[in-house]
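Residue numbering for the sequence shown follows our numbering, starting at 51 and increasing by one per position.
C-beta: ideal position from N, C-alpha, C; glycine also.
Predicted model, so just to flag it, every value in this text is computed and none were measured.
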Amino acid sequence: MSKPAKRPFSNIEIVGFCVLGLVLLGLFFNPGFVGGIFNAMVNRVKAVVVDIYLMGTLAVAIITSVIMGRVLERLGLTDALLRVFMPVASWLNINPTVVVPGVYNILGDINAAGRIAAPVLKKAGATKDEQKIAVATMVNSQQSFSTFMLGLIALTAAGIWAFPVVIIAIFGPLVIVPLLLGKTIYRKTKRVELAELPAFTPKTGALPTLFGAGREGAELVFLLIIPAATVVFAIIGALDFIGIWKSIEAGLTSGLQALSIDPQTGILSVLASPTLAMSILKDNAANLAPAMVLGSFVLAASGLPLQVVFGQVPAVWAANSDLNEREAMEAAVIGSVFRVITAVVLALVLTPLLMIR
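Next up, the structure:
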């Protein structure tokens, strides 16, 4: 009887042996390391998931935004948007539904925008490239009305005329991002006539719409957003324990300052909360260079912070669109890079033209 052939080592098995060796070495020379890194991950996650999402108002705000989004959808907003955007979409040779997530994001919350608008793109027959354009466009929109209002106060305090900033930085990307991405990275687009699209206004009754949206919002928070945030902040906690995260933060500070973005509020927008960043910016705007105020506002009026780009957007869109997590994340990253470039260009070029004092 011949001996069975030995199975060769696969690459992942080699990686597994290396991990096993590192764990054993750690337990022998520094037993507290494994426990310490786990504890750091838990503490970092608790500070965000428990203190901000569960004990704060963020979870309730997301659920409320889903309710508001579903009510607007029931009142015909989606179909109205398609009629308004149809001439531009025809000119761009693109499905008009790519603008829907961005508008819902401006009105409420990026997670609710994905939950509500992603199925709209599928129903409209949007290609995967068009769905990626929709994600990239969405992260170029501000996702909190409080961020918008606090940012306006900051712009006024810095002596900047806010109206052109709003038109160019908030509503401009709804056209500019699809135009640029449709001609460069995501070119598999197709023109669709309005008559070819189904109606997107549901016929659900008033009470089922409200209570169904509340349940949907809760599912979104507890089954998608909190797990995604946990993953991202657990990684940050581990990097912080190892000693890498401080260098990353220092690099962010230097980079933002070089890009004419206030480092304090810029880091808050990137890592924590754009709304919190704008609440601080409005108090300090009079003492900062106007270009930094404008750049910080444009950066905050986006799909940031990073846990949204790397965690929540991929989770929500993978569950509701034709995109997988990697594809949704790729599009969100491209959109975020575009937003940073927009912030820098507007800060350096637009600020001197908009000073009112």
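Among the options, nearest to residue i - alpha-carbon criterion
| i | options | result |
| --- | --- | --- |
| leucine 131 | Met118, Gly152, Ile112 and Thr114 | Gly152 |
| methionine 136 | Ala322, Glu243 and Ser304 | Glu243 |
| phenylalanine 283 | Leu356, Val148, Ser371 and Ser194 | Leu356 |
| glutamine 314 | Ile298, Thr206, Ala308 and Leu331 | Leu331 |
| valine 121 | Ala378, Thr197, Asn337 and Ile166 | Ile166 |
| alanine 176 | Val185, Lys240 and Leu157 | Lys240 |
| valine 116 | Gly353, Glu375 and Leu260 | Leu260 |
| alanine 139 | Ile220, Ile276 and Pro228 | Pro228 |
| asparagine 370 | Glu266, Met379 and Pro169 | Pro169 |
| glutamate 299 | Leu74, Leu200, Ala322 and Ala279 | Ala322 |
| valine 348 | Phe221, Ala111, Asn93 and Gly106 | Phe221 |
Counted within 10 angstroms of its Cβ, other Cβ atoms place residue i as buried (16 or more) or exposed
| i | result |
| --- | --- |
| isoleucine 160 | buried |
| isoleucine 62 | exposed |
| arginine 328 | According to the sequence displayed, residue 328 carries methionine and not arginine. The residue is buried, with at least 16 neighbouring Cβ atoms inside 10 Å. |
| phenylalanine 360 | buried |
| leucine 270 | buried |
| threonine 128 | buried |
| tryptophan 367 | buried |
| arginine 376 | exposed |
| proline 340 | buried |
Residue i versus residue j - alpha carbon distance
| i | j | result |
| --- | --- | --- |
| leucine 373 | valine 99 | 26 Å |
| isoleucine 317 | glycine 305 | 10 Å |
| valine 363 | glycine 164 | 7 Å |
| phenylalanine 88 | serine 346 | 34 Å |
| leucine 72 | glycine 86 | 15 Å |
Secondary structure of residue i, DSSP reduced to three states
| i | result |
| --- | --- |
| methionine 328 | helix |
| tryptophan 379 | Per the sequence shown, the amino acid found at residue 379 is methionine instead of tryptophan. In this structure, methionine 379 counts as helix in the three-state DSSP scheme. |
| methionine 118 | helix |
| methionine 342 | helix |
| methionine 405 | strand |
| aspartate 290 | helix |
| aspartate 101 | helix |
| threonine 177 | coil |
| arginine 265 | helix |
| alanine 322 | coil |
| glycine 106 | coil |
| isoleucine 112 | helix |
| glycine 126 | coil |
| proline 258 | helix |
Considering only residues of the region 180-256, which uninterrupted alpha helix (DSSP H) runs meet the minimum length of 4 residues and lie entirely inside it, listed in chain order?
Restricting attention to alpha helix (DSSP H) runs no shorter than 4 residues, the region 180-256 encloses them at 195-207, 212-215 and 223-233, ordered along the chain.
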